[in-house]
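Report on the following structure.
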Amino acid sequence: MQIKDLFSKKKYATIPSERPKRDIPEGLMNKCSKCGTIQYSKELDKNLKVCSSCGHHYRLSAWERIGMTLDDGRLFEYDAEMESVDPMEFPGYKGKLEQQRQKNPSLREAVVTGEGTINGHPVVVAVMSFDFFSGSMGSVVGEKITRAIEAAHEKKLPLLIFSTSGGARMQESILSLMQMAKTSAALSMFQGAGGLFISVFTDPTMGGVSASFASLGDYNLAEPGALVGFAGRIVIEQTIRQKLPDNFQTAEFNMQHGQLDLVVHRKDMKVTIGKLLDMHTVREGLSHGG
Ligand SMILES: [Zn+2]
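Under full-length UniProt numbering, the residue at position 97 of the sequence shown is numbered 97, and the numbers go up by one with no gaps.
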C-alpha cells in the first residue's frame with residue numbers, strides 16, 4: 001500500500017466552509033463578511049482592518065500584524081530563508097508548497113520570526129500567517145518557533161507569539177505532530193528559567209497549534225470573535241451527537257470558560273502588550289532600596 005491510498009478515500013474535516021478563506025478582496029471597496037457593510041479599503045486599513053459597523057476583525061497577514069505591533073513596524077528577521085522540503089514524499093506536496101510561495105511573495109513559510117521592540121521593550125516575536133497553507137504547522141513552522149523561543153531564552157527577552165492555524169500539516173505526518181512536543185519542551189525550559197511568554201490567539205487557531213505552544217502563554221490573549229479550539233464544531237457535534245452553542249469556540253466563549261485571560265480589541269492590542277511588558281520589566285535601582 002502506498003501513502004496516497006491511505007488518504008484518498010476519506011474527506012477530512014477542516015475549518016467550516018462558511019468562514020471565508022480570504023475575507024479581504026483586492027480593490028477599492030470591501031464588503032464585511034459578517035454584516036455585509038461596504039467600506040473603502042483605505043478606511044478599513046485606517047481602522048486596522050476592523051469593520052467600523054460590526055467590529056468584525058478581518059484576518060491579517062504576518063507582515064500586516066508586524067507593522068501594527070512593533071515600533072515603526074521594524075523587525076530584525078530570523079531564519080528568513082528557511083523553507084519546507086517534502087520529507088514524506090507526500091503526493092502533490094512539493095507543488096502545493098510552490099503555489100503557496102507564489103501566492104505569498106513575502107513569505108517562505110506560515111510563520112515569520114525575529115526581534116523588534118514594543119513601546120521600547122525589546123521582544124522576540126513569532127507571527128503566523130493563515131494565508132500560507134492555512135497556517136498549518138510543519139517542520140519549518142515548528143523549527144522557526146522553537147528557534148525563536150531559544151533565542152528569547154538565550155537573550156533573556158520576553159517572547160510574543162501571534163498564532164493562527166488550521167492545525168498540523170498533514171502532508172508531513174508524524175514530523176508535523178512532533179513539532180507540538182518540540183515547541184512545548186522549548187517553552188517549558190524557557191519559562192522554567194523565568195522567561196515571559198505572551199500568546200495571542202487570532203482567527204482561527206485550531207488543532208495542533210492550539211493544543212501546543214499557543215495555549216502555554218503566561219498570558220493567553222485573543223482577538224474578539226477569533227475561533228479558538230482543537231477539533232472543529234462539525235467533528236465534535238458528530239462525535240457527541242449534541243448541538244453546540246452558537247458562540248462555541250469563539251474567543252469570548254473560551255474566556256467565559258477559563259481558557260483565556262483576556263479578549264483584546266485590535267486597537268488596544270499593542271497598548272495591552274506594552275503594559276504587560278512594563279509590568280514585568282525589572283527597573284535598575286529599584287531593588288537597591290534607593
Ligand atoms: Zn461588519
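Note that the Cβ used here is the ideal one computed from N, Cα and C, for glycine as well. Model, not experiment: these values are computed from the prediction.
Item to check | With 16 other Cβ atoms within 10 Å as the buried cut-off, status of Pro-105 | outcome: Exposed is the call here.
Item to check | Proximity below 7 Å, CB of Ala-251 to CB of Val-228 | outcome: yes
Checklist entry - How would you label Asp-246, buried or exposed, when you count the other beta carbons within 10 angstroms and need 16 or more for buried? => result exposed
Next on the checklist: Check this for me: beta carbons of Met-137 and Arg-169, under 7 Å apart or not?
Outcome noted: yes
Checklist entry - Between Arg-65, Met-189 and Lys-34, which lies nearest to Asp-45 when the distance is taken from Cα to Cα? => result Arg-65
Item to check | Own chain, CB closer than 6 Å to Arg-161, minus 5 neighbours either side, in chain order | outcome: Correcting the residue identity first, residue 161 is Ile in this sequence and not Arg. Cβ neighbours of Ile-161 beyond the five flanking positions: Ala-126 and Ser-199.
Checklist entry - Is Lys-34 near ligand 1, going by C-beta to nearest heavy atom under 6 Å? => result yes
Next on the checklist: Using the three-state DSSP reduction, which class does Met-279 fall into: helix, strand or coil?
Outcome noted: In the structure shown, Met-279 sits in a helix (DSSP, three-state: H, G or I).
Item to check | Which of helix, strand or coil DSSP assigns to Lys-21 | outcome: For Lys-21, the pLDDT reaches just 49, beneath the cut-off of 50, and the residue's location in the model is therefore unreliable, although a value from the coordinates is still provided. If DSSP states are grouped into helix, strand and coil, Lys-21 belongs with coil.
Item to check | Unbroken beta strand (DSSP E) run spanning Lys-155, endpoints | outcome: Segment 139-155 is the alpha helix (DSSP H) holding Lys-155; no beta strand (DSSP E) there.
Item to check | Nonlocal neighbours in the same chain, by C-beta distance under 7 Å from Asp-203, ignoring five residues either side | outcome: His-57, Arg-59, Thr-164, Glu-223, Gly-225, Ala-226 and Leu-227
Item to check | Where the beta strand (DSSP E) containing Gly-116 begins and where it ends | outcome: 111-118
Checklist entry - So is the beta-carbon of His-265 under 6 Å away from any non-hydrogen atom of ligand 1? => result no
Item to check | Three-state secondary structure assigned by DSSP to Met-269 | outcome: helix
Item to check | DSSP-derived helix/strand/coil call for Leu-227 | outcome: strand
Checklist entry - Is Tyr-58 helix, strand or coil when you go by DSSP? => result coil
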